[in-house]
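Enquirer: Input: one structure, supplied below.
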Amino acid sequence: MAEYWNIDPARQSLVDEFFAQKPEPEVSLDFNIPEKDFNNAGKGSAEVKNLLKRLGIDPEILRRIAVASYEAEINVAAHSVGGKMISNIYDDLIHIRFEDHGPGIADIEQAMIPGFSTADDLVREMGFGAGLGLPNIKKNSDMLHIDSERGKNTVLELIVFFS
Amino acid sequence: MPIKLKEYLEAIQGQSLTPAISCEGVELVGAYVSDMLSDVMGSGKEGLAWITIMKHLNVIAVASMTGIPVIVFAKGNVPEAAVIEKAIEEEICLVTSPLTTFELAGILYKLLGL
């Protein structure tokens, strides 16, 4: 499997600590993401956003989480045969994991280039497929990890710290 | 200086599509003009009107995720009732205007004294 990591250097030790300890989340939310269902894709991100808003998360951090999460959710709907989103909320951060059932990303480095997209006509008609999804996720997260390969599935996980 | 949506509406022959929520007092500091949703995801934020001709349900989600308070549909575009209902639920103001995106952006630019 090919892997991609992007971690804000200032958060490296906190991210390492998170993966070493694998703590139990305070709250965990699961959502299914069906293939090409653009009326429902985004519901998981909306629920997470509403919950975090009630928890009093800073609006700018809330925007970053919502944007990264929504883009990743749309990616699963647009590019995979379906998958799920698992959001784990802790005192100081949110960790969201997106798992799909394939068909995988052929070249992750290429997929990260702004403007590169393999989206089909349906996705483009919806106004997606500009090749900005993954760059937007990278820009708005403190940690982004993608694990994928053509013919396999894709796992994308991200972390955003609350302060 | 931000301007109130009410003032902008008057200048663009705009009609509110979401009278169920209070929109006239919403303050605008600028706009973002794009029909690519991911582009708006990367640049949309609070205080901006989003000027577009896209009018399907995901437009509301993009505004909600980024914090965009107002969507202005150019060239007389009006979304379906389900989209308007979703906007009301998310407290996003929808406006339609017969003007083009170029005119809509230009008028706001002028009103803001930019």
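Same order as they appear, the protein sequences are chains A and B. For the first sequence, position 2 (counting from the first letter as 1) is numbered 2 according to the numbering used here, and the numbering increases by one without interruption. Take any residue in the second sequence, count from 1 to its spot, add 1000: that is its number in the numbering used here. We put the CB at the ideal spot given by N, CA and C, even for glycine.
Please list, in chain order, all residues of the same chain as residue 1035 of chain B whose beta carbon is under 7 Å from its beta carbon, the five residues on each side excluded.
Expert: Mapped onto the second sequence, residue 1035 of chain B falls at position 35. Correct list, in chain order: 1052, 1053, 1054.
Enquirer: Determine the direct distance from the alpha carbon of residue 1083 of chain B to that of residue 152 of chain A, and round the result to whole angstroms.
Expert: The residue labelled residue 152 of chain A in the question sits at position 152 within the first sequence. The residue labelled residue 1083 of chain B in the question sits at position 83 within the second sequence. For residue 152 of chain A and residue 1083 of chain B, the distance between alpha carbons rounds to 36 Å.
Enquirer: Within 10 Å of its beta-carbon, does residue 53 of chain A have 16 or more other beta-carbons around it, so buried, or fewer, so exposed?
Expert: Working through the first sequence from its first residue, we reach residue 53 of chain A at position 53. With fewer than 16 Cβ atoms within 10 Å of its Cβ, residue 53 of chain A is classed as exposed.
Enquirer: Check the Cβ of residue 116 of chain A against every Cβ in chain E and list those closer than 9 Å, keeping chain order.
Expert: Of the chains in the structure shown, none is chain E; the protein chains are A and B.
Enquirer: Using the Cα positions of residue 1089 of chain B and residue 125 of chain A, report the straight-line distance between them to the nearest angstrom.
Expert: Reading the second sequence from its first residue, position 89 is the one you call residue 1089 of chain B. Reading the first sequence from its first residue, position 125 is the one you call residue 125 of chain A. The straight-line gap from Cα to Cα measures roughly 25 Å.
Enquirer: When the distance is taken between beta carbons, is residue 1003 of chain B closer than 8 Å to residue 1111 of chain B?
Expert: Reading the second sequence from its first residue, position 111 is the one you call residue 1111 of chain B. Reading the second sequence from its first residue, position 3 is the one you call residue 1003 of chain B. Yes; because the gap between Cβ atoms is below 8 Å, this pair is in contact.
Enquirer: Taking the alpha-carbon positions, what's the residue 144 of chain A to residue 82 of chain A distance?
Expert: For the purposes of this step, residue 144 of chain A is taken as the residue at position 144 of the first sequence. For the purposes of this step, residue 82 of chain A is taken as the residue at position 82 of the first sequence. In a straight line, the C-alpha of residue 144 of chain A is about 20 Å away from that of residue 82 of chain A.
Enquirer: With C-beta atoms as the reference, is residue 1152 of chain B less than 8 Å away from residue 1093 of chain B?
Expert: Outside the displayed span of chain B (1001 to 1114) sits residue 1152 of chain B, for which this structure offers no information.
Enquirer: Which of the three DSSP states is assigned to residue 129 of chain A in this structure?
Expert: One-based indexing of the first sequence puts residue 129 of chain A at position 129. It is coil, neither helix nor strand.
Enquirer: What residues from the stretch 1035-1046 of chain B come within 9 Å of chain A, judged by C-beta to C-beta, listed N to C?
Expert: Answer in chain order: 1035, 1036, 1037, 1038, 1039, 1040, 1041, 1042, 1044, 1045, 1046.
Enquirer: If distances are taken between C-alpha atoms only, which option among B:1113, B:1080, B:1099, B:1007 comes closest to residue 1018 of chain B?
Expert: Taking the first residue of the second sequence as 1, we reach residue 1018 of chain B at position 18. Closest by alpha carbon: B:1080.
Enquirer: Taking 6 Å as the limit between beta carbons, can you name the residues of its chain near residue 7 of chain A, skipping five residues before and five after?
Expert: Along the first sequence, read from residue 1 onward, the residue named residue 7 of chain A stands at position 7. Same-chain partners within the cutoff: 15, 143.
Enquirer: Using the Cα positions of residue 156 of chain A and residue 146 of chain A, report the straight-line distance between them to the nearest angstrom.
Expert: Translated into positions along the first sequence, residue 156 of chain A becomes position 156. Translated into positions along the first sequence, residue 146 of chain A becomes position 146. Each residue's alpha carbon lies about 4 Å from the other.
Enquirer: Note down, in chain order, all residues in the stretch 26-48 of chain A with a beta-carbon under 9 Å from any beta-carbon belonging to chain B.
Expert: Here the close residues are 38, 39, 41, 42, 43, 45, 46.
Enquirer: In angstroms, rounded to a whole number, what distance separates the CA positions of residue 120 of chain A and residue 1038 of chain B?
Expert: Sequence index remark: in the first sequence, residue 120 of chain A carries index 120 (1-based). Sequence index remark: in the second sequence, residue 1038 of chain B carries index 38 (1-based). Those two C-alpha atoms are separated by around 15 Å.
Enquirer: Would you say residue 140 of chain A and residue 84 of chain A are within 8 Å of each other, going by their C-beta atoms?
Expert: Translated into the one-based positions of the first sequence, residue 140 of chain A becomes position 140. Translated into the one-based positions of the first sequence, residue 84 of chain A becomes position 84. No, the pair does not count as a contact, with Cβ atoms beyond the cut-off.
Enquirer: Beta-carbon within less than 7 Å of residue 132 of chain A's beta-carbon, same chain only, minus the 5 sequence neighbours each way: which residues are those?
Expert: The count along the first sequence starts at 1 and reaches residue 132 of chain A at position 132. Once the five neighbours on either side are set aside, the close Cβ partners of residue 132 of chain A are 114.
Enquirer: Reducing DSSP to helix, strand and coil, say where residue 1072 of chain B ends up.
Expert: Residue mapping note: residue 1072 of chain B aligns to position 72 of the second sequence, counting from 1. If DSSP states are grouped into helix, strand and coil, residue 1072 of chain B belongs with the strands.
Enquirer: Please check the pair residue 162 of chain A and residue 57 of chain A, which I expect to be a contact at CB under 8 Å, by giving their CB distance rounded to whole angstroms.
Expert: Position 162 of the first sequence, counting from 1, holds the residue named residue 162 of chain A. Position 57 of the first sequence, counting from 1, holds the residue named residue 57 of chain A. Yes, residue 162 of chain A and residue 57 of chain A are in contact; Cβ-Cβ is about 6 Å, under 8 Å.
Enquirer: Would you decide whether residue 106 of chain A is buried or exposed? Buried here means 16 or more other CB atoms lie within 10 Å of its CB.
Expert: In the first sequence, the residue the question calls residue 106 of chain A occupies position 106. By the 10 Å Cβ count, residue 106 of chain A comes out exposed.
Enquirer: Residues in the stretch 1084-1097 of chain B with C-beta within 7 Å of chain A's C-beta atoms, listed in sequence order?
Expert: Against chain A - using a Cβ distance shorter than 7 Å - the stretch 1084-1097 of chain B contributes no residues.
Enquirer: What span of residues does the beta strand (DSSP E) with residue 1084 of chain B cover, start to end?
Expert: Numbered from its first residue, the second sequence carries residue 1084 of chain B at position 84. Careful: residue 1084 of chain B lies outside any beta strand (DSSP E), inside the alpha helix (DSSP H) at 1081-1089.
Enquirer: Over what stretch of residues does the alpha helix (DSSP H) that includes residue 36 of chain A continue unbroken?
Expert: The residue labelled residue 36 of chain A in the question sits at position 36 within the first sequence. Here residue 36 of chain A belongs to no alpha helix (DSSP H), and DSSP marks it neither H nor E.
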